[in-house]
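**Student:** Pasting in a structure now, in structure tokens, and then I'll have a few things to ask.
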Amino acid sequence: MNIAMRLPSFEFDDKILEHGAEISRRLNQLRMEKFPPNAAKTLRTFSMAEVAHYLGVSQNNLKRLHLEGKGPMPDQAVSGRRSYTAGQMLELRHFLDQHGRTEVKKYVPHRKPGDKLQVIAVVNFKGGSGKTTTAAHLAQHLALTGHRVLAIDLDPQASLSALHGFQPELDRNLSLYEAIRYDEERRSIADVIVPTNFPGLDIVPANLELQEYEYDTPLAMQDKTSNAGRQFFLRIAKALSEVDDRYDVVVVDCPPQLGYLTLTAMSAATSVLITVHPQMLDLMSMSQFLLMLGGILKTIKGAGAQIQLDWFRYLITRYEPTDIPQAQMVGFMQSMLAGQILEHPMLKSTAISDAGLTKQTLYEVEKSAFTRTTYDRAMESLDGVNSEIVSLIHRAWGRS
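Counting with the numbering used here, you get residues 3 to 402 for the letters of the sequence shown.
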């Protein structure tokens, strides 16, 4: 009779500390090889066709400007192809706004007097819904189309931060916690905002310290000498008021849980985007999320929170049109929520997932890294979703 060897006992806390340290060490080693400490994340140049697309002009118009020596001069490759940097694209936008033939100033879509700051909370209760991918591409698209954008990574896992070159396990960056904490060490949100490689896009990175807010808030609510804890839902809105005039749109990547961070973000939001993967388990999870969220929001409204949204929409993510069960699930959702679901779904694409392997978005990677069909299909999906959201933002400002 064979006697099985007894599994060796171990201390769980010691083991996970050991694993965490080893993973961090190996990640640091990998980063040194792929992304040296003195390196900064850069951004590729954009072709004439891409620039024309994001500016809303014809390629012939761009060529005419170039031949007339007007606006920033594009780089010209040996093949003769011209390309612009994202910074030059921004210069072109301002040049066209000042010297364009149309009297309608449409090239610089900044807020006008009376337009309120748009704060978009991207939320879901379940991981894997494409929430962070959606937030990253939305923020970058808004910047590429001329908006002044602030991205806030409110998820302690910091995936949005990683996509913009910040490594929470290696970098000692600050987070929004510094601007919403309850003690005397609270800082202005301006102190924790950093630029990204996209002109017009800044970010508040995340780190594990954000989780402290979930523990601090219940304690602050018990403090009889202050209302700060009982009015926790005002803290992000108050922080954003300090930089209100610097941005047109704020995109908040909320954590995949219904905690105080998410509720505080929802209370500051002017609009909400809920991502959902068209699978039965995901829809069941979203149902529970909505019921819980609705109940909690009613409670904090009773405590004084004012939640007034310009719009909210559901976004179908990681959608495979040829998958019959998914198509049926989308039809089922549309039968209930037709007016609230974005017309364009976010398609599942190897281009988007492959770009994520190098901590990039599709707006960053070179088109040549993929087959033309794969890239164009993914980009068409992204631009369709993001253009629809831009339209909602502009309608909130009273624009067509």
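Glycine included, C-beta positions come from ideal geometry on N, C-alpha and C.
1) Could you give the distance in angstroms between the alpha-carbon of histidine 346 and the alpha-carbon of isoleucine 326?
2) Looking at threonine 136 and threonine 319, is the spacing between their C-beta atoms short of 8 Å?
3) Please state the DSSP three-state secondary structure of valine 80.
4) Could you give the residue range of the beta strand (DSSP E) that holds phenylalanine 314?
5) Leaving out five residues on either side along the sequence, give the residues of the same chain with a beta carbon under 7 Å from the beta carbon of leucine 203.
6) Identify the continuous beta strand (DSSP E) that holds leucine 203 and give its terminal residues.
7) Is it true that the stretch 260 to 267 meets the stretch 233 to 246, where meeting means three or more beta-carbon pairs spaced less than 8 Å apart?
8) Could you tell me the boundaries of the alpha helix (DSSP H) in which leucine 144 lies?
9) Just list the beta strand (DSSP E) runs in the stretch 226 to 270, keeping only unbroken ones of 3 residues or longer that don't cross its boundaries, in chain order.
10) Taking buried to mean at least 16 other C-beta atoms within 10 Å of its own C-beta, is arginine 315 buried or exposed?
11) Which one of Leu275, Thr87, Ser351, His139 has the shortest CA to CA distance from threonine 375?
12) Return the CA-CA distance between leucine 260 and phenylalanine 127, expressed in angstroms with no decimal places.
13) Would you list the one or two residues that DSSP bridges to proline 197?
14) Check the DSSP bridge columns for glutamine 120 and list the partner residues they point to.
15) Take the Cβ of alanine 353 as the centre, count every other Cβ of all protein chains shown within 10 Å, and call the residue buried at 16 or more, exposed below.
16) Going by CA-CA distance only, name the one from Leu364, Gly116, Lys300 that's closest to aspartate 247.
17) Assess contact between the stretch 329 to 340 and the stretch 270 to 281, defined as three or more Cβ pairs (one per stretch) separated by less than 8 Å. Is contact present?
18) Out of Glu366, Glu368, Leu344, state which residue places its alpha-carbon closest to the alpha-carbon of valine 392.
19) Write down the C-beta distance between glutamate 214 and tyrosine 179 rounded to the nearest angstrom, noting that I regard them as a contact closer than 8 Å.
20) Quick one, which of Ala271, Pro257, Leu221, Thr219 has its alpha-carbon nearest serine 243's?
21) Any idea if glycine 304 is buried or exposed, counting beta-carbon neighbours within 10 angstroms, 16 or more meaning buried?
22) How many whole angstroms separate the CB atoms of glycine 71 and leucine 94, which I take to be in contact at a CB cut-off of 8 Å?
**Tutor:** Let's see:
1) Within the sequence shown, numbered from 1, the residue matching residue 346 stands at position 344. Within the sequence shown, numbered from 1, the residue matching residue 326 stands at position 324. If I take the Cα positions, the gap works out to 18 Å.
2) Translated into the one-based positions of the sequence shown, residue 319 becomes position 317. Translated into the one-based positions of the sequence shown, residue 136 becomes position 134. Taking 8 Å as the Cβ cut-off, threonine 319 and threonine 136 qualify as a contacting pair.
3) The residue you call residue 80 lines up with position 78 of the sequence shown. In the structure shown, valine 80 sits in coil (DSSP, three-state: anything other than H, G, I, E or B).
4) Within the sequence shown, the letter at position 312 stands for residue 314. First-last of the beta strand (DSSP E) with phenylalanine 314: 313 to 318.
5) Working through the sequence shown from its first residue, we reach residue 203 at position 201. Closer than 7 Å at the Cβ level, and outside the excluded window around leucine 203, lie Ala141, Gln142, Ala145, Val151, Ala153.
6) As a position in the sequence shown, residue 203 is number 201, starting the count at 1. Where leucine 203 is concerned, the enclosing beta strand (DSSP E) stretches over 203 to 206.
7) yes
8) In the sequence shown, counting from the first residue as 1, residue 144 sits at position 142. 133 to 146 is the span of the alpha helix (DSSP H), which, as asked, contains leucine 144.
9) 251 to 255
10) For the purposes of this step, residue 315 is identified with residue 313 of the sequence shown, where counting begins at 1. Classification for arginine 315: buried.
11) Along the sequence shown, one-based indexing puts residue 375 at 373. It is Ser351.
12) In the sequence shown, residue 260 corresponds to position 258, counting from 1. In the sequence shown, residue 127 corresponds to position 125, counting from 1. Roughly 7 Å between the two C-alpha positions.
13) One-based indexing of the sequence shown puts residue 197 at position 195. Its beta-bridge partners are Asp204.
14) Within the sequence shown, numbered from 1, the residue matching residue 120 stands at position 118. According to DSSP, glutamine 120 bridges with Val251.
15) In the sequence shown, residue 353 corresponds to position 351, counting from 1. Counting Cβ neighbours within 10 Å, alanine 353 comes out buried, since at least 16 surround it.
16) Along the sequence shown, read from residue 1 onward, the residue named residue 247 stands at position 245. Nearest option by C-alpha distance: Gly116.
17) yes
18) Along the sequence shown, read from residue 1 onward, the residue named residue 392 stands at position 390. Comparing Cα positions, the closest option is Leu344.
19) As a first step, residue 214 must be located in the sequence shown, where it is residue number 212. As a first step, residue 179 must be located in the sequence shown, where it is residue number 177. Yes, they are in contact, since the Cβ atoms of glutamate 214 and tyrosine 179 sit about 6 Å apart, within 8 Å.
20) Counted from its first residue, the sequence shown places residue 243 at position 241. Nearest of Ala271, Pro257, Leu221, Thr219 to serine 243, Cα basis: Ala271.
21) Residue numbering aside, residue 304 sits at position 302 when the sequence shown is read from its first letter. Counting Cβ neighbours within 10 Å, glycine 304 comes out exposed, since fewer than 16 surround it.
22) Walking along the sequence shown from the start, residue 71 turns up at place 69. Walking along the sequence shown from the start, residue 94 turns up at place 92. The Cβ separation is near 13 Å, so there is no contact.
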